[in-house]
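What follows is a set of notes on a single structure, which appears directly below.
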Amino acid sequence: MTSLSCAHAKRVLVVAATCHPERGSEPGLGWNWLRHIATHHDVVAIVGEADGNREAIDLALAANPALATRLRFVFVPWFDEPREGISGLLWQYYQPIYYRAYRRWMEQAYAEAERLCRSERFDLAHQLTMIGFREPGFPWRLPIPVVWGPVGGVQNVPWRCLPALGGVEACRHLARNVINSIQVRYHPRFRHALAKASTVFAVDSTTQEALRRFHGRESTLVAAALCEPDHPRRRVRVRGHGPLRLVFSGLHLSRKGLPFALQALSQLPASTSWTLDVLGEGIMSASWQQTAQRLGLKDRVTFHGYVPREKVIEIMDRGEVYVFPSLLEGWPTVIAESLSLGMPVVTTDLHGMRDMVTASCGRLVPADSRASIVMGLQRALSELLDNPALVTRLSEGAVERANELTAAKQMPKVMQAYEDAVRVAAI
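Numbering-wise (my numbering), the sequence shown opens with residue 22 and increments by one.
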């Protein structure tokens, strides 16, 4: 990407709570956005120090001296997140505990932002990650223009799909749906941040509609997870002989919906030839393995557990179709990774998935109920199994779609928002 001339370069203060050059999901999102913003402007980024990201960032900047001259980091220590025992369960299931700690971190980040603004000149601020709407941080209090986003978190599990998650998980997501629906309308700091932001970037069309409907606020849809323009493993997957190689990757949480895919696969004719690699781990891992065994799929489904990122890409690269029957997402990083590899995607017709996946690069299945999801997955997978040439055509479409979701195509929207924010503030 060609950078702007120095005459047009601005000084941008970015708050990116999560940022890591060697991770996926939001930490990877934070790093990728920062390095692309720094292609155009001088950036000071306030980030949470966690999981060895300081060392990884130092190495990444050392390997790219040009980037290091435009991107400077200020680290604010992250808070402890219990992983095991009762504390770990409370941390995961009782969200107010997490959000109190996260808000305290945001307060520390804002104090650092105020200090920087007193000692240095900035043209604007950008609240980047995390993308959840209910914790907008405090950059909107700064005396400079502010842009915010990508913003997400307004998405709910479809109400009629809740029973499919099982008793405890259904109750948990029911409570989340109710709280989410109230907070997206009335959360005071969310409303303040929306009112102050010069531009809001929405993570998907679901968020765009919610902002418009409840707050009369227009937003710009920008790909949160960017596809790599020249991925070293990108290729068109020419479907030949042998089993159709399916892949699922992600945290093993109930909302990710892997059992829908397992049930759909169990209903395919026994003569069909396929395999499924399941990457990742989480609280549902044991349950999902039991489901695969109960459905008689044990010999065709391989649970790899947690593997390093390099191994994840290697296993995905061996695959031919990515299956992602999730009920709740913003803009899934793993779909961007699949498209970057040239891998067609079969997923639910929800949230960011419907914005990312088109008929030319995959299949969207209805998500009105468990039955509709399972039936849709069964039909989509049967179509691919019966038509090898279709897999190849969709892989070609995945390559084309990945090219549309690169920084070269998406970042100009962000840069224009910066220009507009500074121009309006100067009037």
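We put the beta carbon where it would ideally sit given N, CA and C, even for glycine.
From the options, pick the residue whose C-alpha is nearest to that of residue i; which is it?
i: threonine 354; options: Ala291, Ile152 and Asn198; result: Ile152
i: valine 97; options: Gly51, Ala410 and Ala71; result: Ala71
i: proline 103; options: Asp338, Gln431, Ala122 and Arg93; result: Ala122
i: glutamine 314; options: Glu43, Leu283 and Val342; result: Leu283
i: leucine 215; options: Leu272, Leu402, Ser240 and Pro86; result: Ser240
i: histidine 62; options: Ala446, Pro433 and Val95; result: Pro433
i: glutamate 140; options: Pro42, Leu34 and Gly49; result: One point to set straight first is that residue 140 is serine, not glutamate, in the sequence displayed. Cα-wise, what sits closest to serine 140 is Leu34.
i: proline 264; options: Ser390, Leu405, Ala307 and Cys248; result: Leu405
i: alanine 285; options: Val259, Phe345 and Glu135; result: Phe345
i: glutamine 437; options: Gln229, Thr227, Gly418 and Phe222; result: Phe222
i: phenylalanine 235; options: Glu47, Tyr207, Asp320 and His252; result: Tyr207
i: threonine 60; options: Ala429, Pro160, Thr227 and Gly317; result: Ala429
i: leucine 426; options: Ala84, Leu247 and Arg136; result: Leu247
i: alanine 410; options: Phe94, Ala87, Arg260 and Val167; result: Arg260
i: arginine 391; options: Met305, Phe281 and Val443; result: Phe281
i: valine 268; options: Glu249, Asp251 and Leu300; result: Leu300
i: glutamate 105; options: Tyr439, Met364, Ile304 and Leu348; result: Ile304
Which of the three DSSP states is assigned to residue i in this structure?
i: histidine 194; result: helix
i: glutamate 135; result: helix
i: serine 381; result: coil
i: serine 24; result: Per-residue confidence for serine 24 stands at a pLDDT of 44, beneath the threshold of 50, marking its modelled position as unreliable; the derived number appears in the next sentence. Three-state result, serine 24: coil.
i: phenylalanine 159; result: coil
i: proline 329; result: coil
i: leucine 402; result: helix
i: phenylalanine 100; result: coil
i: threonine 369; result: strand
i: proline 171; result: strand
i: alanine 38; result: coil
i: glutamate 141; result: coil
i: tryptophan 352; result: coil
i: glutamate 47; result: helix
i: glycine 237; result: coil
i: alanine 270; result: With the sequence shown as reference, residue 270 is identified as serine, and alanine is not the correct amino acid for it. If DSSP states are grouped into helix, strand and coil, serine 270 belongs with the strands.
i: glycine 69; result: strand
i: phenylalanine 281; result: helix
i: aspartate 63; result: strand
i: valine 445; result: helix
i: arginine 125; result: helix
i: arginine 260; result: coil
i: phenylalanine 345; result: strand
Given a cut-off of 8 Å on the beta-carbon distance, is the pair residue i and residue j in contact?
i: serine 456; j: arginine 255; result: Nothing in the structure corresponds to residue 456, since the chain is present only between 22 and 448.
i: valine 243; j: proline 171; result: yes
i: glycine 326; j: glutamate 302; result: yes
i: glycine 351; j: alanine 245; result: yes
i: arginine 155; j: phenylalanine 211; result: yes
i: glutamate 138; j: isoleucine 118; result: It is worth fixing the name first, because residue 138 is cysteine in this sequence and not glutamate. Not in contact: cysteine 138 and isoleucine 118 (Cβ atoms no closer than 8 Å).
i: valine 386; j: alanine 401; result: yes
i: leucine 297; j: valine 328; result: no
i: glutamine 311; j: phenylalanine 324; result: no
i: serine 270; j: methionine 337; result: yes
i: valine 420; j: valine 257; result: yes
i: glutamate 190; j: serine 108; result: no
i: valine 366; j: glycine 340; result: no
i: alanine 388; j: proline 179; result: yes
i: leucine 289; j: serine 403; result: yes
i: tryptophan 126; j: phenylalanine 100; result: yes
i: alanine 218; j: tryptophan 169; result: yes
i: proline 42; j: alanine 77; result: yes
What does the Cβ neighbour count give for residue i, buried or exposed, with the cut at 16 atoms within 10 Å?
i: cysteine 182; result: buried
i: asparagine 74; result: buried
i: lysine 332; result: exposed
i: serine 292; result: exposed
i: threonine 23; result: Since pLDDT at threonine 23 reaches only 40, below the 50 mark, its modelled position is unreliable, and the value read off the structure follows with that caveat. Exposed, since its Cβ has fewer than 16 Cβ neighbours within 10 Å.
i: asparagine 408; result: exposed
i: histidine 19; result: Because the chain in this structure spans residues 22 to 448, residue 19 falls outside the shown range and cannot be described.
i: threonine 220; result: buried
i: leucine 80; result: exposed
i: tyrosine 343; result: buried
i: cysteine 27; result: Because cysteine 27 sits at a pLDDT of 41, beneath the cut-off of 50, its placement in the model cannot be relied upon, and the following sentence gives the value as read from the coordinates. Exposed, since its Cβ has fewer than 16 Cβ neighbours within 10 Å.
i: leucine 394; result: Position check: residue 394 holds isoleucine in this sequence, whereas leucine was assumed. By the neighbour-count rule (16 or more Cβ atoms within 10 Å), isoleucine 394 is buried.
i: serine 381; result: exposed
i: isoleucine 203; result: exposed
i: threonine 368; result: buried
i: leucine 25; result: Because leucine 25 carries a pLDDT of 43, less than 50, the predicted location of this residue cannot be relied on, and no value is offered for it.
i: arginine 56; result: buried
i: histidine 29; result: exposed
i: glycine 237; result: exposed
i: isoleucine 450; result: In the structure displayed, the chain extends from 22 to 448; residue 450 sits before or after that span and is not available.
i: isoleucine 356; result: buried
Examine chain B for any beta-carbon lying closer than 8 Å to the beta-carbon of residue i, and answer yes or no.
i: leucine 402; result: Within the model displayed, chain B is absent; a lone protein chain is all it includes.
Three or more beta-carbon pairs under 8 Å between the region 143-152 and the region 179-196, yes or no?
The region 143-152 vs the region 179-196: no contact.
Just checking, does the region 61-71 make contact with the region 32-42 on the three C-beta pairs under 8 Å criterion?
Because the criterion of three Cβ pairs below 8 Å is met, the region 61-71 and the region 32-42 touch.
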